[in-house]
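Protein chains: 2
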Amino acid sequence: MRLMEGIDVLVSEVGPRDGLQSIDRVMPTAAKLAWIDALAAAGVREIEVGSFVPARLLPQLADTGEVVRAIKARHPALHVAVLVPNAKGAEAAIAAGADKLTLPLSASETHSLKNLRRTHAQLFEEVARIVDLLSALPDGKRPQFEGAISTAFGCTLEGEVPDARVVALAEKLVALGCDEVGLSDTSGYANPAQVRRLVRAVHDAIGPGRMTGLHLHNTRGLGLANVVAGLEVGITTFDSSQGGLGGCPFAPGASGNIVTEDLVFMLESMGLRTGIDLAPLMVARRFLADALPGEPLYGFMPDAGLPLGFRAAA
Amino acid sequence: MRLMEGIDVLVSEVGPRDGLQSIDRVMPTAAKLAWIDALAAAGVREIEVGSFVPARLLPQLADTGEVVRAIKARHPALHVAVLVPNAKGAEAAIAAGADKLTLPLSASETHSLKNLRRTHAQLFEEVARIVDLLSALPDGKRPQFEGAISTAFGCTLEGEVPDARVVALAEKLVALGCDEVGLSDTSGYANPAQVRRLVRAVHDAIGPGRMTGLHLHNTRGLGLANVVAGLEVGITTFDSSQGGLGGCPFAPGASGNIVTEDLVFMLESMGLRTGIDLAPLMVARRFLADALPGEPLYGFMPDAGLPLGFRAAA
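Those protein sequences? They're chains A and B, same order as listed.
The numbering used here puts the first residue of the first sequence at 1, with every later residue one more than the last.
The numbering used here puts the first residue of the second sequence at 315, with every later residue one more than the last.
Okay, here's the thing in structure tokens:
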């Protein structure tokens, strides 16, 4: 997305959606709001707060509408993102006042059927319906619409995913009217050379302005290495999850978003402004830990602490 | 160092030295030899097998001479590296038949006094003595001599280390006759932008051919991200420790070399040939685990496994 004033890289927090959907426990709405408040207080600019999927599929996110309304009321400037699996979800997201709708579409059709219970063709129809819904809205009221290509770097069910398939899906999503396309390493398969190669290929096909975000996992420890590769090819938005909470419950073994604390530490160390302060970010981590006692939280910086003399990006 | 035939990046295993010196237990010589045999069988080309320091300081490495002799006898083609704190250690290393001598010199003089009990001036004298020793040897018998600048990216005792100091030390070491200079992130303080900047500065000062290696730690989770940055600026040798065993016992909190298994996985995924096969590398990990029951071993790839359809570099 377009970067806000004063930041070089947008760290998009997905813990309240990707993190919480991957654990069995349901975090009470009040605790979610307190955690999101703390994240916003740390300077996080964009937060994916939930997903408009049927409650029977993801009871952890059944309160997404309520969360969107409450957070927009409390933090008007915060960019509130939600996942929408279809036009029905998009209607609910629009009604709740979300700033960004993300429709996931898996490059692996096997994974798509398991994850979203839809073929590519069925998802294209949903995308078209959502674009119609959005075009009926007045300019100021129209949320951003992203098509997120999951398993873009490989799939635990299909293995290698050809670049050409990802590029074709990106072109199709833009042709259908998505504002943006994102690439997700759902399975933690990506490597830095592949990130450079695939991002460049997608940029060549749809233009760099249409693909600015990566959703990376740290399943095999390459998450931040892939961020470095993404930065080199012009990526300016990275999803991450506080404490590394989360992953994809439908892709076996594919746990672990990159850790927000480590990502912000790396970017700020590199002189890239995220707008996020690490001290209050650690306070937000405490809210998360207190709300989910015993839930494993990850991250190296939280354990090792900041380097002596550390300075955030000026 | 000069790369061997058929590999693009040299992964220099330092576990038997850096790893073992950081734990209290002493691994029996026979177990060390079995582990090193397994590493060599996996295709590891260079292994730092010990350090010629007084046994009272590091009893874990008291058998270094014996290990060097045994390994050279068993694996003539293996590049056997050792740490030498002074000329006395270098004499012993030469007598044992080591292929590479590395003398550590800390950019932070505070750290240098704690770690090596020497000022920079005293260490320069040792370097000069070692160069004399080496120049007396016939060409074929002369081991490679590297000056390794530790805490080059920051120090837990002094904080920020100015690039200019590292560059000046590199120039001094080359002027004294070191074949090569290496940079070590002893404290796990490095970030990718700093790696690019400092490596370029040292290359500008002494020439890229004199500085090809980085010794990185993963203390704050940036180890492999820093490898990606190093690759971009022409680094071709990376130290790592199997299972992430190790660190610097004299730099509080600075534990954790980058993990050999994850490093090799990343490099091979990127199409960079290391000459190391991952399956037998995991066998070597088992030798290590069996020799040190209960010792924590790290690594993401060992937990998550290889991606479906993974192919090593051709």
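Where a beta carbon is used, it is the ideal one built from N, C-alpha and C, also for glycine.
- For alanine 618 of chain B, a Cβ of chain A is located within less than 7 Å of the residue's own Cβ.
- Distance between valine 195 of chain A and tyrosine 298 of chain A, taken at the CA atoms: about 24 Å.
- Within chain B, the C-beta atoms nearer than 7 Å to that of glutamate 160 of chain A come from Gly623, in chain order.
- Within the same chain, Val328, Arg331 and Ala395 come within 6 Å of glutamate 362 of chain B by CB-CB distance, once the 5 residues on both sides are set aside.
- Between alanine 442 of chain B and valine 323 of chain B, the alpha-carbon positions lie close to 30 Å from each other.
- Using a Cβ-Cβ cut-off of 7 Å, alanine 462 of chain B does not count as an interface residue toward chain A, since no Cβ of chain A sits closer than that to its own.
- Secondary-structure assignment with DSSP links proline 104 of chain A through a beta bridge to A/Ala148.
- Note on serine 135 of chain A: under 16 other CB atoms within 10 angstroms of its CB, so exposed under the neighbour-count rule.
- Here asparagine 86 of chain A carries a coil assignment [DSSP, helix/strand/coil].
- Contact residues of the stretch 524-535 of chain B toward chain A are Asn532, Thr533, Arg534 and Gly535 (C-beta to C-beta distance below 8 Å).
- Rounded to the nearest angstrom, the gap between the Cα atoms of glycine 256 of chain A and histidine 425 of chain B is 36 Å.
- For the pair glycine 623 of chain B and proline 607 of chain B, the Cα-to-Cα distance works out to about 32 Å.
- In terms of CA proximity to isoleucine 520 of chain B, B/Gly461 leads the group B/Asp576, B/Leu372 and B/Gly461.
- In terms of Cβ geometry, serine 12 of chain A and aspartate 204 of chain A do not form a close pair [threshold 7 Å].
- In this chain, histidine 215 of chain A is not harboured by any alpha helix (DSSP H); it is covered by the beta strand (DSSP E) spanning 213-215.
- One thing to note: serine 420 of chain B has its Cβ within 7 Å of the Cβ of serine 464 of chain B.
- In this structure, valine 26 of chain A places its C-beta atom within 7 Å of the C-beta atom of proline 59 of chain A.
- For the pair of segments examined, the stretch 593-600 of chain B was found to touch the stretch 573-583 of chain B: the number of CB pairs separated by less than 8 Å reaches three.
- Taking 7 Å as the CB threshold, serine 269 of chain A lines the interface with chain B.
- For phenylalanine 552 of chain B, none of the residues of chain A pass the 7 Å Cβ criterion, the least Cβ distance being about 12 Å.
- Within the same chain, Cβ atoms closer than 7 Å to the Cβ of asparagine 400 of chain B are found at Glu440, the five residues on either side in sequence being excluded.
- Taking all protein chains shown into account, glycine 548 of chain B has fewer than 16 neighbouring C-beta atoms within 10 Å of its C-beta and is therefore exposed.
- When beta bridges are read from the DSSP output, asparagine 571 of chain B appears opposite B/His531.
- The shortest CA-to-CA distance from alanine 77 of chain A to any of A/Glu46, A/Pro104, A/Ile258 and A/Glu268 is the one to A/Glu46.
- Under the Cβ distance rule, tyrosine 298 of chain A does not count among the residues neighbouring chain B, no pair being separated by less than 7 Å.
- With a threshold of 16 other beta carbon atoms within 10 Å, threonine 237 of chain A meets it and is buried.
- Annotation for threonine 29 of chain A: the continuous alpha helix (DSSP H) segment containing it runs 29-41.
- Residue-level contact by beta carbon holds for glycine 468 of chain B and chain A, with a gap shorter than 7 Å.
- Within its own chain, the residues whose Cβ lies closer than 6 Å to the Cβ of leucine 20 of chain A, once the five positions on either side in sequence are excluded, are Met27 and Gln60, listed in chain order.
- Scanning the stretch 472-533 of chain B from its first residue to its last, the whole beta strand (DSSP E) runs of 3-plus residues come out as 494-498 and 527-529.
- Listed by position along chain B, the residues whose Cβ is nearer than 9 Å to that of methionine 282 of chain A form an empty set, because the closest Cβ is around 14 Å away.
- DSSP, read as helix, strand or coil, puts threonine 110 of chain A in helix.
- The C-beta of alanine 507 of chain B comes closer than 7 Å to at least one C-beta of chain A.
- Listed in chain order, the non-local C-beta contacts of arginine 69 of chain A below 6 Å within the same chain comprise Ala96, local neighbours out to five positions each way being set aside.
- In the three-state DSSP reduction, glycine 65 of chain A falls in the helix class (H, G or I).
- Among the residues facing chain A, alanine 539 of chain B is included, as its CB has a counterpart in that chain under 7 Å away.
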